[in-house]
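Here the sequence shown is numbered in numbering that gives the first Met the number 0, starting from 0 and rising by one per residue.
Even for Gly, the Cβ is constructed at its ideal location relative to N, Cα and C.
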Amino acid sequence: MTPAPRTVVEAFLPADGEIPLSLLYDTANAVGLDDQPVRLAIRRMLAAGEVVQTGRGRRGALALTDAGRVRLGRDRLALRLALGQDHGRAPWDGRWRLLAVSVPESDRPVRDALRRDLTEMGAAAVSTGLYVTPHDLGELTGAAHLVRATATALDVRGITDPVTIAELLWPAAPIIAGYAVVEQAVARALAVTDSADHHAVLAHQLILADALEAAMRHDPLIPAELRSGWPPSRVRRSWYEVWSALATRLPEDLLYRGWLP
0 MTPAPRTVVE AFLPADGEIP LSLLYDTANA VGLDDQPVRL AIRRMLAAGE VVQTGRGRRG
60 ALALTDAGRV RLGRDRLALR LALGQDHGRA PWDGRWRLLA VSVPESDRPV RDALRRDLTE
120 MGAAAVSTGL YVTPHDLGEL TGAAHLVRAT ATALDVRGIT DPVTIAELLW PAAPIIAGYA
180 VVEQAVARAL AVTDSADHHA VLAHQLILAD ALEAAMRHDP LIPAELRSGW PPSRVRRSWY
240 EVWSALATRL PEDLLYRGWL P
């Protein structure tokens, strides 16, 4: 199980400060990645204006730009929400958020991009251009092309029960299936929770991070109140316990510094 090169880079980047590229490359090599794919991931992030690099090669260092910090911050909000839900710290307020895309036909690319963004953020289409989510997406969505409304009651094709609506719009089975890889990564990482080998610990943390990111990419994080005995919550709690156990084996937090709760 080898993590994606971009996952390795993003995991090392702190909210503030920089990371030595020697540590990043050495750890990437330890999990089976050559320098070249990691270097390519960095170049793409540099071209996108998400990071800045000082120095060259393994003697260099990498840091987030403001734009990169905003983008990664948005991604990490999902992780914080998930862990908050799993530990009972993010109760649902019982309100549905309705988002209508209001973009003229002449701006079709803008409209299509906005619809993709809403879907990626877990909102579900209930009719053409109308999306619903139990979450307040707030500043994650641009206000210029959206009409917003909040409702305490929702009727979707004659269905009014919130739990049934959640299953209709966000079927549980494929979401649960996506966490199988996370369970495998957790099981493997348990073997090194007492290890003094820092590279092995970091390697398993990266594998854990990559597995969780892949699973959460397709998880709309529906509130616990709308799911019963939700397996992904159990898997994420196990993930966090093992992650924390691995972190205690290191002299300092090296991955996701300033991001994890």
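Boundaries (first-last residue) of the beta strand (DSSP E) holding residue i
i       : result
Leu-145 : 145-150
Ser-266 : Past the boundaries of the shown model lies residue 266; the chain is included only from 0 to 260, so the question cannot be answered.
Thr-159 : It is not in any beta strand (DSSP E) - Thr-159 carries neither H nor E in the DSSP assignment.
For residue i, the residue or residues it bridges with in DSSP
i      : result
Val-51 : Ala-62
Ala-99 : Leu-129, Val-146
Ile-18 : Leu-61
Which listed residue (the options) has its alpha carbon closest to that of residue i
i       : options                            : result
Asp-15  : Arg-5, Asp-65, Arg-57              : Asp-65
Glu-251 : His-217, Leu-201, Val-241          : Leu-201
Val-241 : Ala-195, His-203, Ile-221, Gly-257 : His-203
Arg-68  : Gln-84, Ala-81, Leu-211, Val-51    : Val-51
Val-131 : Val-109, Leu-32, Ala-165, Phe-11   : Ala-165
Asp-160 : Glu-224, Gly-228, Glu-49           : Glu-224
Unbroken alpha helix (DSSP H) run spanning residue i, endpoints
i       : result
Ala-89  : Segment: none, Ala-89 is in no alpha helix (DSSP H) and carries neither H nor E.
Pro-173 : 171-176
His-134 : No alpha helix (DSSP H) contains His-134, which DSSP labels as neither H nor E.
Trp-242 : 230-246
Val-200 : 197-215
Thr-6   : 4-11
Pro-36  : 34-46
Counted within 10 angstroms of its Cβ, other Cβ atoms place residue i as buried (16 or more) or exposed
i       : result
Ala-112 : exposed
Val-146 : exposed
Gly-121 : buried
Val-234 : buried
Val-162 : exposed
Ala-176 : exposed
Arg-226 : buried
Leu-117 : buried
Gln-84  : buried
Pro-103 : exposed
Leu-39  : exposed
Glu-119 : exposed
Point to revise | Sufficient close CB pairs (3 or more, under 8 Å) joining the segment 87-104 to the segment 187-195 | key: no
Check your understanding: Using 8 Å as the Cβ pair cut-off and three pairs as the minimum, do the segment 34-45 and the segment 209-220 touch?
Key -> no
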